[in-house]
Structure formats: structure tokens, C-alpha cells
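Asks: Chains as they are written, first to last, in the numbering used here: chain V, 28 to 344; chain Y, 28 to 344.
Beta carbons are placed, not taken as given, at the ideal position from N, Cα and C, and that holds for glycine.
(1) Using a Cβ cut-off of 8 Å (strictly closer), state whether residue 221 of chain V contacts chain Y.
(2) Give the interface partners of residue 197 of chain Y over in chain V, defined as CB-CB distance under 9 Å, in chain order.
(3) Would you identify the three-state DSSP class for residue 112 of chain V, choosing helix, strand or coil?
(4) In chain Y, which residues lie with their C-beta within 8 Å of the C-beta of residue 125 of chain V?
(5) How is the alpha helix (DSSP H) around residue 275 of chain V delimited, first residue to last?
(6) Check whether the Cβ atoms of residue 19 of chain V and residue 268 of chain V lie closer than 8 Å to each other.
(7) Taking only the alpha-carbon atoms, compute the straight-line gap between residue 279 of chain Y and residue 289 of chain Y and give it to the nearest angstrom.
(8) Are the beta-carbon atoms belonging to residue 156 of chain Y and residue 99 of chain Y less than 8 Å from one another?
(9) How far does the beta strand (DSSP E) with residue 5 of chain V in it reach, from first residue to last?
(10) Which bits of chain Y does residue 209 of chain V rub up against, with CB to CB less than 9 Å?
(11) Can you round the beta-carbon distance between residue 291 of chain Y and residue 265 of chain Y to whole angstroms, since I take them to be within the 8 Å contact cut?
(12) Pick from V:223, V:272, V:311: whose alpha carbon is nearest that of residue 180 of chain V?
(13) For a minimum of 3 consecutive residues, which ranges assigned as the beta strand (DSSP E) are wholly contained in the stretch 220-263 of chain Y?
(14) Any idea what DSSP makes of residue 146 of chain V, helix, strand or coil?
(15) Cα separation between residue 293 of chain Y and residue 254 of chain Y?
(16) Roughly how many whole angstroms lie between the Cα atoms of residue 248 of chain V and residue 235 of chain V?
(17) Of all Cβ atoms in chain Y, is any one closer than 8 Å to the Cβ of residue 83 of chain V?
(18) Ordered along the chain, which non-local residues of its own chain (more than five positions away) have a Cβ less than 8 Å from that of residue 326 of chain V?
(19) Rounded C-beta distance between residue 43 of chain V and residue 168 of chain V? I'm assuming under 8 Å.
(20) Mind the definition here: the stretch 214-231 of chain V touches the stretch 225-232 of chain Y only if three or more C-beta pairs lie below 8 Å; say whether that holds.
(21) Assuming residue 32 of chain V contacts residue 79 of chain V (C-beta within less than 8 Å), just tell me the rounded distance between them.
(22) If the criterion is Cβ atoms closer than 8 Å, does the pair residue 117 of chain V and residue 213 of chain V meet it?
(23) Please list the residues of the stretch 287-318 of chain V that have a C-beta atom closer than 9 Å to any C-beta atom in chain Y, keeping them in chain order.
(24) Leaving out five residues on either side along the sequence, give the residues of the same chain with a beta carbon under 7 Å from the beta carbon of residue 308 of chain V.
(25) For chain V, find out if any of its Cβ atoms is closer than 8 Å to the Cβ of residue 94 of chain Y; answer yes or no.
(26) How big is the Cα-Cα spacing for residue 205 of chain Y and residue 194 of chain V?
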């Protein structure tokens with residue numbers, strides 16, 4: 028297992044001074060923090076490397092006290108970040124929903140790619156990048172990119188996963204009627220997304236598919252639903268308070284290249300047992316076929332799953 | 028403004044070793060960290076003081092990455108913690124809802140009181156105590172008590188606050204039907220509770236009262252509703268996925284001593300404009316009278332508000 032890499036992003040958002048100009052710790056090209064106040068010229072790179080095992084966050088950071096921030100997790104394969112532009116776009120969209128300063132995507136892109144270069148391993152990994160609202164009262168966001176080795180998901184991709192449907196509690200149209208509920212943003216307030224996995228484990232399952240209180244299939248806590256009916260591959264339309272799936276977008280691109288029909292639409296929970304195949308798609312696990320939904324068997328299309336995952340693994344950013 | 032105080036809690040939960048016995052940094056009676064591995068006897072006090080301005084949390088702590096943890100905020104007045112036992116009970120209840128190890132309340136009580144003693148000021152303050160699920164993969168929670176000076180809420184208590192009702196998106200009975208949504212726990216996943224305050228500000232208001240998707244008044248993002256109808260003081264019953272208010276409990280105790288009728292019941296949103304008086308109750312701001320609800324004026328009972336706040340300020344733990 029390769030050691031994790033942590034890069035803090037110094038000039039991370041529009042209209043925000045993070046103090047770099049005044050000479051706080053910045054970095055040299057070698058990634059060693061230097062104090063620019065001590066006569067060292069300002070560095071060309073707006074990020075700096077730190078020890079991921081050491082404390083880096085204060086207890087007054089709003090990520091800690093309020094889960095107030097946004098994140099993305101992208102796959103790292105062949106020393107490259109998968110679907111980086113899609114993740115950056117979604118990161119910016121999440122910032123807008125949370126009224127955070129707009130992240131400087133050119134800076135984030137550079138910092139993320141530098142962190143992945145420093146990871147320096149052929150082992151499959153992931154990069155998680157986070158922007159918090161920062162220390163309470165400062166109005167200055169804090170952000171970083173963290174690269175680490177991914178779990179081995181070969182069993183999930185091969186045999187499949189057992190999934191239970193759980194009520195998300197919201198109507199499917201809640202993002203339109205109540206935008207303050209932040210549905211459709213990838214926020215750090217993910218305690219519910221962890222709680223549902225514990226509920227799934229209690230029910231003997233591996234993962235969860237959220238359904239709306241009015242009966243529509245939504246998404247997993249960290250994944251997008253893909254359902255095949257006949258020759259058509261469908262995913263829930265993103266006007267239902269769910270995330271636009273980055274991995275699902277790649278799968279749709281590939282399916283369309285293969286001449287398969289794809290569609291975004293409302294999928295009712297009642298339709299799910301009639302699907303010819305179901306997958307949960309995510310950045311790190313990629314396409315995991317559903318072998319069981321609410322304790323009922325679902326046919327796993329082993330060949331198609333392997334083809335989808337091969338296509339996903341072949342992506343370059 | 029008195030400097031904030033930060034105490035980490037070392038022996039914080041049942042069935043969990045935080046490494047104190049193996050000689051990690053602990054503290055002496057003077058609060059100076061010492062290394063017990065270096066021959067210094069294990070300390071009698073299971074907490075240690077650290078610099079609140081220095082980073083203390085790693086980026087892999089689940090509070091940061093998932094808002095996965097619990098907290099309480101209690102008022103500090105006359106160098107004492109208000110309603111500490113009620114806050115400790117609610118802290119333990121939140122831990123149960125999140126399947127966290129049970130906090131050792133006797134340890135937390137001692138650490139919190141020590142931090143408040145170290146705060147050493149007559150200025151009104153607050154103590155926020157947090158237990159996170161800890162660094163991902165370790166299963167060892169991390170916790171601390173942070174004491175700081177409170178905001179001055181005299182205007183809010185005197186003139187009153189402007190409040191808007193916002194849909195919480197959930198039915199009133201969601202905690203019973205879908206406990207995995209963690210309603211009724213005070214979690215670190217509070218991004219929505221901050222987002223609604225921004226929405227309130229956009230509407231020219233100071234605070235929010237959540238209503239359920241099926242039309243029941245619930246609670247504020249960090250407060251409990253108190254409504255007077257005739258001679259009866261009512262608060263929403265806590266079987267509606269809301270927190271048991273610690274300040275509201277103190278107010279009910281005092282009202283009953285005064286011979287006033289109190290009740291827990293369902294209060295519909297439609298009933299709110301007919302209330303004879305409305306307050307939002309919380310640990311730091313105490314009783315803030317509502318002077319405007321959804322842009323409609325509400326009568327402020329200045330005398331009763333002053334009496335309630337005097338009673339709240341007179342509490343000892």
C-alpha cells in the first residue's frame with residue numbers, strides 16, 4: 028500500500044485571500060513549506076504538501092463543527108485522475124448550492140494532478156478533494172486533495188452486491204421546492220449516508236438505494252443507479268435532488284458509442300424488480316452489479332459488467 | 028474577550044481504548060501534556076489541554092470527511108455550565124442514534140467542568156463538546172470540549188427576532204418510519220442548518236422555524252419553539268424527529284413552578300399565526316421572542332420574556 032499524499036490548496040477560491048500574499052506557509056517546487064515572509068520569493072505553485080498523518084484542521088473549522096463544505100472523490104488509475112473535469116464541474120456546482128466562494132478550478136486541477144504525481148504508484152487509488160467553509164468567522168475556505176490506495180472491489184464487481192432500498196424521507200421534487208435542503212450538492216454533511224450503510228448491514232446487505240418518500244428510485248449514498256429494461260439503459264433524472272453521476276456519464280458515453288439506447292427518466296421503486304439488470308456506479312468501485320435487491324435475486328450480467336468496467340478503467344482525464 | 032479553552036477527552040467512550048494506557052500524551056493535574064511512556068505515572072484526569080488555535084484534527088477524521096459525530100452546546104454563566112446533566116443525557120442519546128460507542132459521561136462531565144474552570148472568566152460563554160467517530164478505519168472516537176465567549180444576544184432577547192418558516196422536507200413521523208435519517212440526534216452534519224440561515228437572511232429574517240412536509244411546526248435549526256395560546260405554553264412533542272430542548276425543559280420547569288399550564292403536543296403550521304406569543308429557546312441566546320413570523324408581526328411579551336430569561340440565567344448545573 029502506497030503512502031497517502033496530502034496537498035493543501037492555497038489560492039483556492041475566487042475573491043478570497045488565504046494569506047499567501049502576506050507570507051504564510053507556502054511551498055517550493057520541491058513541495059517543502061517555506062515562509063515567504065522571510066525573503067523567499069512567492070512560489071509559482073498555489074499548493075503545498077503536508078503530512079497526512081499529522082493534525083491539519085482546527086476544531087473551529089466548519090467542516091468539523093457543521094459538516095459545512097463540499098467534496099469529490101475521483102478514481103486514480105494508471106497514475107491519472109479519472110473524469111477529473113466532470114468532478115471539477117460538480118465541485119463548482121456544489122459550491123454554488125452551498126453559497127461558497129467559487130473554487131478556482133485551474134488551481135484545484137493543478138494541485139490534484141500534483142498530488143497524484145506525488146502518489147507515484149501504479150496501485151489503483153482515489154483522490155478526495157474537499158473545500159470547507161473554513162474556520163468559523165474568517166470567511167476563508169480551507170481545501171486540500173488527499174490521495175490514497177483504493178479498496179479492492181473485484182468481488183463486488185464480479186459477484187455483485189446486495190442492496191436494500193431505504194426511504195430518503197424527501198419527495199423527489201424537494202430540490203426544486205426547498206433548495207436550502209442542499210439536495211444535489213455533495214456536502215460534508217454525510218452522517219445519514221453512513222447511517223444507511225449500517226442499516227443495510229443490519230439487513231444483511233452491502234449497499235443502499237435511496238427512494239423518495241413519493242416512491243421514486245433516487246441514488247445510492249455514494250453511487251448512481253443504472254437500470255436496464257430490454258435494450259435501454261436508464262438512470263434517474265437529476266432533477267430529483269440527486270447528484271449528476273460522473274461515472275454514470277462515462278458509462279452513458281460508452282453505451283452510446285456501442286449503439287445502446289440510454290435515457291434519463293423517473294424510475295419508480297415499483298419498477299425496480301422488473302429491471303433486466305441493475306448496477307450501482309461510483310468513482311472507485313466503478314460498476315457494481317446488483318445481485319439482490321431487498322432480499323430478492325437480481326440477474327447479474329457478468330459479461331456486460333466486465334465490458335463496462337473495462338471501458339471505465341480505460342478512461343483518461 | 029477571554030481566550031478560548033480546548034480540552035481533549037482521553038478516555039471518552041465505553042469499550043474503546045484511546046491509547047492512554049499505552050502511554051500517549053496525557054496530562055498532569057496542571058494540564059501540561061506529559062508522555063506516560065517515559066516513566067511518568069498515568070494521570071488521574073482523563074483529559075488534556077491543548078492550543079485551540081493549533082490544528083488538532085487530521086483530514087481523515089470522520090467529522091471532517093462525513094460530518095460523522097455528535098455535539099452539544101451548553102451555556103456558561105457564573106463560571107458554571109447550565110443544564111449540564113440534560114446536555115449529557117442528550118449527548119448519550121445522540122450517540123445511540125448514530126451507533127457510536129456510549130460516551131463515558133462521568134469523564135465528559137469532569138473534562139467539561141475542568142475546561143470551564145480554565146476559562147476563568149465572568150463573561151458569559153458557551154461550551155461546545157463534540158465526539159467524532161474518529162479517524163476512518165480506527166473505530167476510536169475523538170472528543171473534546173471547547174469553551175469560548177458567547178455573542179451578545181441582548182438585542183435579540185429585548186426587541187425579538189424575525190423568523191421565517193421553511194420546509195424541513197420530512198414528514199413529522201419520519202424518525203419513527205426511517206430512523207437512519209438520524210432525526211432527533213444532534214449530529215455534526217449540520218450544513219442544512221447553516222443553509223437555512225442564509226435563506227432566512229435572503230428573506231430579511233434572523234432565524235428559521237422548520238415545518239414538516241405535512242404541515243407541523245418542528246423546531247429551529249438550533250432552537251426549540253415555545254408558543255403561548257391563552258394561558259397555556261406549548262412546545263412541539265419530541266416524537267416528531269426533533270430534539271428534546273434542554274433550555275425548553277428548564278423553561279417548562281420554571282413555568283410550572285409559577286403555576287402556568289404547559290403541554291407537549293403537535294402544533295400545526297396553520298396555528299402559528301394565532302399564537303399569543305412565540306419564542307425560540309436555545310442554550311446560548313436563551314429565550315428570544317419572535318417579533319415577526321413570515322413577515323407578519325407577532326406581539327412580543329417583553330415582561331414575560333425578561334422573567335423567563337432571568338429564570339434561565341439563574342440556573343446552576
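Replies: Considering the structure as presented:
(1) yes
(2) 196, 197, 240
(3) helix
(4) 218, 222
(5) 273-284
(6) This structure gives no information on residue 19 of chain V, because the portion of chain V shown stretches from 28 to 344.
(7) Answer to the nearest angstrom: the Cα atoms are 7 Å apart.
(8) A distance below 8 Å separates the beta carbons of residue 156 of chain Y and residue 99 of chain Y.
(9) Past the boundaries of the shown model lies residue 5 of chain V; chain V is included only from 28 to 344, so the question cannot be answered.
(10) 218, 219, 222
(11) 7 Å
(12) The residue with the shortest Cα to Cα distance from residue 180 of chain V is V:311.
(13) 234-238, 251-256, 259-263, all fully within the stretch 220-263 of chain Y.
(14) helix
(15) 11 Å
(16) For residue 248 of chain V and residue 235 of chain V, the distance between alpha carbons rounds to 7 Å.
(17) yes
(18) Once the five neighbours on either side are set aside, the close Cβ partners of residue 326 of chain V are 303, 304.
(19) Indeed they touch by this definition, with Cβ atoms about 6 Å apart.
(20) no
(21) Their Cβ separation, rounded to whole angstroms, is 7 Å, which keeps residue 32 of chain V and residue 79 of chain V in contact under 8 Å.
(22) Yes, the Cβ-Cβ distance between residue 117 of chain V and residue 213 of chain V is below 8 Å.
(23) Cβ contacts with chain Y: none found.
(24) Shown here for residue 308 of chain V: same chain residues with a beta carbon closer than 7 Å to its own, the five before and five after excluded, namely 250, 251, 253, 272, 274, 275, 278, 314 in chain order.
(25) yes
(26) Using only the alpha carbons, I get a separation of about 7 Å.
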